Structure formats: structure tokens, C-alpha cells
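This report concerns only the one structure given below.
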Amino acid sequence: MLYKKSKIKCPYCGYKMPLYYDENSICKGIFVICKGRMCKKEFEIKINKVK
């Protein structure tokens, strides 16, 4: 079964991070640093499955 993958976007600069998640993902408490050239801010990844 193939899943539709999406990229994580930085909430500050909009840079599309080299991180992917599928349509069934749920997470919180994952912190990453933006790879954008001028941003480099830390943010939390929160993915909620809404029914």
C-alpha cells in the first residue's frame, strides 16, 4: 500500500524541511532546527489526525 507523503514546513520562514510524514501519522514533542539558510530556529512538530 502506498501512502501519500507530505513534507514538514518551518512555521517561521516556510522552508520545506527534508522530513516526511504520511497521512496516518500522529506525533508531538519532536523538536527540530530549521535548515533554512537564514532561519535556524527551533520548533516542535505536532501532527494530529483529525476525524
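The sequence shown: position 30 = 29 (numbering that gives the first Met the number 0), numbered continuously. Backbone N, C-alpha and C fix where the C-beta goes; we use that ideal spot for every residue, glycine too. Computed from a predicted structure; not experimentally measured.
* Asked: Three-state secondary structure (DSSP) at GLY28?
  -> Against the sequence shown, residue 28 aligns to sequence position 29. Strand at GLY28.
* **Cutoff 8 Å; reference CYS26; Cβ partners in own chain excluding five residues on either side** => Within the sequence shown, residue 26 is the residue found at index 27, counting from 1. Taken in chain order, the residues that qualify are TYR20, ILE44, LYS45, ILE46.
* Asked: Apart from the five residues on each side of it in sequence, which residues of its chain come closer than 8 Å, Cβ to Cβ, to MET37?
  -> Counting from 1 along the sequence shown, the entry for residue 37 is found at position 38. Apart from sequence neighbours up to five positions away, the residues of its chain that approach MET37 with a beta-carbon distance below 8 Å are CYS12, ordered along the chain.
* GLU41 and ILE29 closer than 9 Å at C-beta -> For this step, residue 41 is matched to residue 42 along the sequence shown. For this step, residue 29 is matched to residue 30 along the sequence shown. Annotated as distal: GLU41 and ILE29, with beta-carbon spacing of 9 Å or more.
* Alpha carbon to alpha carbon, how far is LEU18 from LYS3? Give it in angstroms, no decimals. => Translated into positions along the sequence shown, residue 3 becomes position 4. Translated into positions along the sequence shown, residue 18 becomes position 19. Taking the Cα positions, LYS3 is about 14 Å away from LEU18.
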